[in-house]
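Chains as they are written, first to last, in my numbering: chain A, 1 to 375; chain B, 1 to 289.
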């Protein structure tokens, strides 16, 4: 039977189309391996400092992975507040096909956002000390220690250094963070070491001057002042005010990377507790600091940067190992063992899906962090 | 006793900074009836100009330039943004617009300079004078001197005969225009003065509170409460009200509680508005707050 030219053309076109379709399918399989991750972060607004620190951590992890990265991160700015975070997370999952969400950074925004990720069963990785955020959310993974871990090392330090007759004063922000930390330290000092706190002074944040509170603290002549407030501007104002009013004491506080640069000489000697510090002279820390600074516009990476780096690297690891769908990623993250990160060398998740439970102390020394000797 | 004096020194220091902002509110309000909530953001911008942009310059020329730019910014905001709204829609939409402009200014600074907290070393130095257990920093002395001179100058200017023109514009703008008062020129001048006073506040505040794009938010609110406490229709009354508020705040934090100072400030505002809306230190005019 004689084949018609039309049939030849049709056969050729069909073959070509099938070949092209085959190539397309192959390319599709390749792009499927690149899992879309939504970084829903407060990149603008009053919490932009946290968001930018987190972005630096994500970018540092991606830069570190280089060509071996199997995730692509898209940023969604939710600096406008909780509603913006919820909308961004929903849009990222439903419209942009995100298989995992990193962020946001602030509890006020995290709480409503995790309702969205839980609804769609999409894994969410968050960097926070608020341990209740994983309760009832099997898709939520938390990178960060707990506030009480900081308080434990602070209490231990005080107990090891305090002399008979010396006093401890707590200055705490009149918010959840400050009050919880103050209660934890008071309880730990009392029950574990038999030390009573001489006075707890509550602080209203945002004041231009803290002289009244500092005078009350000075009246106790305390050997230690545990300072539980986060904004660096307030901490700097308090430390400078302490110097001016003659409050000569050992300040202890939670990790805050901006204090040294903002308070200047007034921050010398302050001891901070947190999951990670860029310790002066530590080669690995120095390398990470360089990478984070190159990756985003931040002055000094913090524990938030290190933890977000670890969250991104952990996500990349489980994706590289074959988990590409939300459910598979959730399962794989839960089984992550011996993961090597910046904030902890060999970490995994505990039963509450929290990575990192330890805490370290570091002392500010002319703008750098140095190790505090073992007690 | 030394503790009381120390608290008074702290109260007067922050109070006099509140007063420079309060004067900004009072001058604008006295001519237009507008409460401009951009003053906090303007103070913040002046802080960034002095401590960041012009930081390499010596303090005096840097201060002069920052205050001059603050005054020009204030005038520009009036001419470009607020005046068209004010002429078309009146005072209230202008007040609302001032909120919006304030947020735009904060975000612009955040985008240009990042949200990082920045140190602001006092231009007066870090030395501390100790007299009988009372510590007085060089910044405190410099603040009281600089803001005191500014407040005295503005206060004297508003006691002159020409200041009656401002009052005339406030009371009946059309009548003032009919009598030949050049209201546009006077209002422009008012915005220059308020901008300069606000810039001084920004430069003096930053060493106490550090610098962030959101630095001016609190001082803008407290300055407003101080102005209302004294009487927002009077420049001297609003300045004295703000200083009084700073002192009361300091004594309250020292002897009662440091964690309820905001409740105190806004409680004061509520009580004044209920009992004497024209302010404690004015006797006749009713404020349109």
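We treat Cβ as the ideally placed atom computed from N, Cα and C, and that holds for glycine.
Treat the numbers as computed from the prediction; the structure is a model and nothing was measured.
For residue 83 of chain B, no CB of chain A lies under 8 Å from its own CB, so it is not counted at the interface with that chain. Around residue 44 of chain A, the beta-carbon contacts reaching into chain B at under 9 Å are 107, 110, 111, 115.
For residue 214 of chain B, the neighbours in chain A by C-beta distance under 8 Å run, in chain order, 46.
For residue 251 of chain A, there is no enclosing alpha helix (DSSP H); the enclosing beta strand (DSSP E) has its first and last residue at 250 to 254.
Taking all protein chains in view, the Cβ of residue 340 of chain A is surrounded by fewer than 16 other Cβ atoms within 10 Å, so the residue is classified as exposed. Scanning B:187, B:185, B:188, B:169 for the CA closest to the CA of residue 179 of chain B turns up B:169. Secondary structure of residue 277 of chain A (DSSP, three-state): coil. With its beta carbon less than 8 Å from one in chain A, residue 253 of chain B belongs to the interface.
The alpha-carbon separation between residue 228 of chain B and residue 269 of chain B amounts to approximately 7 Å.
In this structure, the straight-line span from the alpha carbon of residue 148 of chain A to that of residue 282 of chain B is close to 53 Å. Within the same chain, and ignoring the five residues on either side of residue 298 of chain A in sequence, the residues whose Cβ sits closer than 8 Å to its Cβ are 52, 53, 56, 292, 305. If you draw a straight line from the Cα of residue 70 of chain A to the Cα of residue 48 of chain A, it is about 27 Å long. Distance check between residue 258 of chain B and each of A:247, A:203, A:175, A:269 places A:203 closest, using alpha-carbon atoms only.
The C-alpha of residue 92 of chain A is placed about 16 Å away from the C-alpha of residue 126 of chain A. Contact check for residue 220 of chain B against residue 16 of chain B fails: the beta carbons are separated by 8 Å or more.
Per DSSP, residue 298 of chain A lies in no beta strand (DSSP E) segment and is marked neither H nor E. With at least 16 other beta carbons inside 10 angstroms of its own, residue 119 of chain B counts as buried. Contact check for residue 51 of chain B and residue 211 of chain B: beta-carbon distance about 6 Å, within the 8 Å limit, so the pair qualifies. Within chain B, 135 have C-beta atoms less than 7 Å from the C-beta of residue 246 of chain A, given in sequence order. Among the residues facing chain A, residue 261 of chain B is included, as its CB has a counterpart in that chain under 8 Å away. For the set B:175, B:276, B:47, the Cα lying nearest the Cα of residue 201 of chain B is the one of B:47.
DSSP places residue 344 of chain A in the coil class of the three-state scheme, outside both helix and strand. For residue 51 of chain B, no beta strand (DSSP E) run applies, since DSSP gives it neither H nor E. Rounded to the nearest angstrom, the gap between the Cα atoms of residue 198 of chain B and residue 98 of chain B is 15 Å. As computed with DSSP, residue 354 of chain A is found in a beta bridge with A:142. Looking at the backbone, the Cα of residue 248 of chain A and that of residue 168 of chain A are separated by about 13 Å. When DSSP states are grouped into helix, strand and coil, residue 207 of chain A belongs to the coil group. Leaving aside the five residues that flank residue 351 of chain A on each side, none in its chain has a CB nearer than 6 Å to its CB. Along the length of the stretch 48 to 85 of chain A, whole alpha helix (DSSP H) runs at least 4 residues long occupy 48 to 65, reported in chain order.
Considering only beta carbons, no part of the stretch 301 to 319 of chain A lies closer than 9 Å to chain B.
Residue environment for residue 96 of chain A: exposed (fewer than 16 other C-beta atoms within 10 angstroms of its C-beta).
Interface residue (Cβ-Cβ distance to chain A less than 8 Å): residue 6 of chain B is classified as such. Your pair residue 104 of chain A and residue 113 of chain A checks out as a contact, with CB atoms roughly 6 Å apart and the cut at 8 Å. Looking only at A:371, A:287, A:343, the smallest Cα-Cα distance to residue 361 of chain A is reached by A:371. Shown here for residue 245 of chain B: same chain residues with a beta carbon closer than 8 Å to its own, the five before and five after excluded, namely 15, 18, 222, 225, 226, 229, 265, 268 in chain order. If you check the CB distance, residue 255 of chain A and residue 277 of chain A come in under 8 Å.
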